[in-house]
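Presented below is the structure to which this report refers.
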Amino acid sequence: SVFDLNTFQFIKHDTLPNNNSIFYHCFVSKSENGQVQEMMKTNQKNKQNYQMLLFCKNTGLSIEYDEENNTFKFQKLHVCNDIASFNYYAYVCINDVILFFGGLNFDYVVSKSVHKYSIRENKLITFKNTLPSPLRSCVAILSEEDNDIHIIGGFNDKDIRVSTHMKTKLRVWDHSQLEMKFIIQYWTQASKIKLGWIDDFDKIIMKYSGMK
317 SVFDLNTFQF IKHDTLPNNN SIFYHCFVSK SENGQVQEMM KTNQKNKQNY QMLLFCKNTG
377 LSIEYDEENN TFKFQKLHVC NDIASFNYYA YVCINDVILF FGGLNFDYVV SKSVHKYSIR
437 ENKLITFKNT LPSPLRSCVA ILSEEDNDIH IIGGFNDKDI RVSTHMKTKL RVWDHSQLEM
497 KFIIQYWTQA SKIKLGWIDD FDKIIMKYSG MK
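Position one of the sequence shown corresponds to residue 317 (the numbering used here), numbered consecutively onward.
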């Protein structure tokens, strides 16, 4: 549903093209971080297209809302077998990547796996590295100051609530972030001047990384 914050009314209702229940899922905006995907202007009245992604068990959807025409478009995405039976995972969206940590499957088995979905490539992979222990119903948060991912709380494989707080470096799971760091360092050292930062730098770096 779409709720208009100016009129405080629902202006659109639609149904997901999916037969399964959606709960404890991953739902993110493609433009959430303002770098890889930007909201597309549709006219001079500042109407926009909002692009979102939803994952839950074997459901993967790309959702686009056209504000001008007040319509939704849905596109089904492939979900690999390694994560198709899971929800209750922690997730974090960084630029072009969604990282999934842990989760619970159809057989009530708690996972310690880590998965990565590339928005640009429409590809989902499973890492060989895992969490130290199985975990579900936890929360993942990215610290933009140091690029650390914090995984907090949840339940273990014995269905016991835990007060876990794990920390991992983003570059461990997304090597493009490491490459970006090297590029920035090179630019800074080569210029030998005090630099400010503008959004266009992010776009240039992401374009360069995508060409490699």
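Just so it is clear, CB atoms sit at the ideal spot from N, CA and C, and this is done for glycine as well. These numbers were taken from a predicted model, which means no experiment stands behind them.
Contact between H394 and G418 does not hold, since the beta-carbon distance rounds to 22 Å and is not under 8 Å.
Closest by C-alpha distance to C454, out of G470, T446, I441, is G470.
Taking the C-beta atoms as reference points, A406 is found no nearer than 8 Å to I327.
Per the DSSP secondary-structure output, T323 pairs with nothing in a beta bridge. Per DSSP, L415 lies in no alpha helix (DSSP H); the unbroken beta strand (DSSP E) holding it starts and ends at 413-420. Collapsing the DSSP output to three states places V318 in a strand. In the structure shown, the three-state DSSP call for V408 is strand. For L377, the uninterrupted beta strand (DSSP E) run begins and ends at 375-382, by DSSP. Under the three-state reduction of DSSP output, V478 falls in the coil class, being neither helix nor strand.
One thing to note: N445 has its Cβ within 8 Å of the Cβ of V430. DSSP places L440 inside the beta strand (DSSP E), whose first and last residues are 439-442.
Around C342, the same chain offers F371, Y407 as residues with beta carbons nearer than 6 Å, after the five sequence neighbours per side are excluded.
If you draw a straight line from the Cα of N374 to the Cα of K392, it is about 10 Å long. Here DSSP, grouped into helix, strand and coil, assigns R436 to coil. Bridge partners of A456 according to DSSP: I467.
When rounded, the separation of the alpha-carbon atoms in L420 and R477 is 14 Å. Residue state for L486 is assigned as helix, using DSSP reduced to three classes. Judged by beta-carbon spacing, S378 lies beyond the 8 Å limit of F402, meaning their Cβ atoms are not closer than that value.
The alpha carbon of E460 has as its nearest neighbour, out of M368, I338, C409, the alpha carbon of C409.
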